[in-house]
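Chains as they are written, first to last, in the numbering used here: chain A, 490 to 693; chain B, 490 to 693. Here a beta-carbon is modelled for each residue, glycine too, at the ideal position from N, C-alpha and C. Computed from a predicted model, the values in this text were never measured in an experiment.
Protein chains: 2
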Amino acid sequence: MTIDGRALRGDATRELVLDAALEMFVEQGYRATSVRDIAARCAMTHPGLLYHFPSKAALLMAALQRRDDVDCVDGESGDLAFNQLDASAVLRHLVNSAKNNASKRGLVELFANLSVEASAPDHPAHDYFVERYTALKATVTRAFADLDRDGALRQGVVPRIAAIQVVAAMDGLQIQWLLDPDTDMAGALAVYVNSLLKEPLERI
Amino acid sequence: MTIDGRALRGDATRELVLDAALEMFVEQGYRATSVRDIAARCAMTHPGLLYHFPSKAALLMAALQRRDDVDCVDGESGDLAFNQLDASAVLRHLVNSAKNNASKRGLVELFANLSVEASAPDHPAHDYFVERYTALKATVTRAFADLDRDGALRQGVVPRIAAIQVVAAMDGLQIQWLLDPDTDMAGALAVYVNSLLKEPLERI
DNA sequence: GTCTATATCAGGATAGAC
DNA sequence: GTCTATCCTGATATAGAC
């Protein structure tokens, strides 16, 4: 692997491959992208690529991890910070994500696809997605619990159930949006979140 | 194709194949099931099967259609009747479906997978799923509109948006349930539906 | 660290005999 | 209506040279 005639350090090659892989998974989906395709985009052959990652599955996992890492560093409110936001900021962040996702069809498709595929216990990304959802629900549950403590929830709203519902709404809205791009994901989510609160969120 | 030495009429073979196909799609998913697998279960070879259905995609479509047909005939409140139910029966039916789905992991997985896969315009089941969601949303919207006319909706609930949210909740809850079978799909959906109404639904 | 070459396998689909 | 035989394509993965 060379760029401008200089050999890349091993790590640099790895990152180049990971970025290319994520791009192509996003563009074409995980299954529809072959290791050969990714290698070609990196100007490598596929055995060359497989020196760095033992299998396509390992490549997927590394690419997902890398995306999370990148997101933490340069996201407006990266996922690392996400579970440290205050309650209403967590909810605003969810609505904002829905808004931003509307310009990232490929990525939404990839995650929607993988969420379902990975529900099979032997899928390479199974643990990743189980943990992802566990963490997400925990954060949102805590946000609602905090709002509850402050008396900001409507009567009868149970934090844990509200969190499950909000996460479900996000996923389900994505499916409808994928099938019909006119669907207003962020709008419907905002209406829903607000229906759980005594006072609507500001600035969403 | 013979059973007890008697040749099946063409239609009988078709149905045998369709039932086997749906079973296997449910057990293993659409992509993971090969035409050869299905043919083997029917004690045929795959070219034999492909005499009846020109391609695997055509087989999928026919199997989905057949499932809808069967559902209409012997379902407790089949989908044909579904759009003729009265408003609260529509909502009860949705919650009931969620309850029943908890014993049909394979089928839930198949539809969840296909909903996402089929969002690609060139997928063989694209039109089927677009139409399916359109019809579902229309029915649920009408149900909420009827309830609204009767003054049964909580203040601020907009029928069209409520329908989108309820459908989204169903899909999203399925994903969470696939990843974590302890998720109470029907419970969370019922709570949500009731949060839209002045008086909770009876018997759910 | 990367390549060439290859092994191995499975998929969908078709041609043509019976 | 169903079979045998085959084609073509594309997948992951490995061995071994450089």
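Around the Cβ of A632/B, a 10 Å sphere holds 16 or more other Cβ atoms; the residue is buried. No residue range can be given for L690/B, since it is assigned to no alpha helix (DSSP H) and is classified by DSSP as neither H nor E. The DSSP assignment places complete alpha helix (DSSP H) segments of no fewer than 4 residues inside the stretch 549 to 623 of chain A at 568 to 571, 576 to 590, 594 to 606, in order along the chain.
Short of 6 Å from the beta carbon of A634/A, and not among the five residues preceding or following it, lie these beta carbons of its own chain, in chain order: P648. Taking all protein chains in view, the Cβ of T630/B is crowded by 16 or more other Cβ atoms within 10 Å, so the residue is classified as buried. Counting of Cβ neighbours within 10 angstroms places Y540/B among the exposed residues, the total staying below 16.
The stretch 673 to 683 of chain B and the stretch 601 to 612 of chain B do not touch, with fewer than three beta-carbon pairs separated by less than 8 Å.
A distance below 8 Å separates the beta carbons of A528/B and T534/B. In the DSSP secondary-structure assignment, L642/A is bridged to L686/A. Chain A has no Cβ within less than 8 Å of the Cβ of T534/B. Contact of D557/B with chain A by beta-carbon distance below 8 Å is absent, the smallest such distance being about 17 Å. A658/A and G661/B do touch by the CB rule: their CB atoms are close to 6 Å apart, below 8 Å.
About 27 Å separates the Cβ atoms of D669/A and V559/B, ruling out a contact at the 8 Å cut-off. For secondary structure counted as the beta strand (DSSP E) over 3 or more consecutive residues, the stretch 502 to 529 of chain A holds no complete run. Contact of S523/A with chain B is not assigned, every C-beta pair being separated by 8 Å or more. Excluding residues up to 5 positions away in sequence, N683 lie with their Cβ nearer than 7 Å to the Cβ of P689/A in the same chain. Distance check between R555/A and each of Q663/A, A510/A, V646/A places A510/A closest, using alpha-carbon atoms only. Contact with chain A is found for M659/B, since one of that chain's Cβ atoms lies less than 8 Å from the residue's Cβ. Using a Cβ-Cβ cut-off of 8 Å, F618/A counts as an interface residue toward chain B, since at least one Cβ of chain B sits closer than that to its own.
Any Cβ of chain A closer than 8 Å to the Cβ of V656/B would place that residue at the interface, and such an atom is present. Straight-line spacing of the CA atoms in Q663/A and Q665/B works out to 14 Å. Counting along the chain, A658/B sits inside the alpha helix (DSSP H) bounded by residues 648 to 668.
Taking 8 Å as the cut-off, the Cβ atoms of M513/B and R525/B do not count as close. Rounded to the nearest whole angstrom, the CA to CA distance from Q573/A to T628/A is 9 Å.
Of all residues in the stretch 589 to 603 of chain A, those with a C-beta nearer than 7 Å to a C-beta of chain B are E598, A601, N602, reading in chain order.
Using a Cβ-Cβ cut-off of 8 Å, Q554/B does not count as an interface residue toward chain A, since no Cβ of chain A sits closer than that to its own. A direct Cα-Cα distance of roughly 43 Å separates V655/B from P536/B. DSSP, reduced to helix, strand and coil, places P536/B within a helical segment of the structure shown. Residues of chain B with a Cβ closer than 9 Å to the Cβ of Y622/A are, in chain order, I664, Q665, L668, D669. With fewer than 16 neighbouring CB atoms inside 10 Å of its own CB, P543/A falls in the exposed class.
Comparing alpha-carbon positions, the option among L549/B, A570/B, L642/B lying closest to F600/B turns out to be L549/B. Cβ atoms of L686/B and A641/B come within 8 Å of each other, at about 6 Å. Going by C-alpha positions, S592/A is about 12 Å away from V515/A. Under the three-state reduction of DSSP output, D500/B falls in the helix class.
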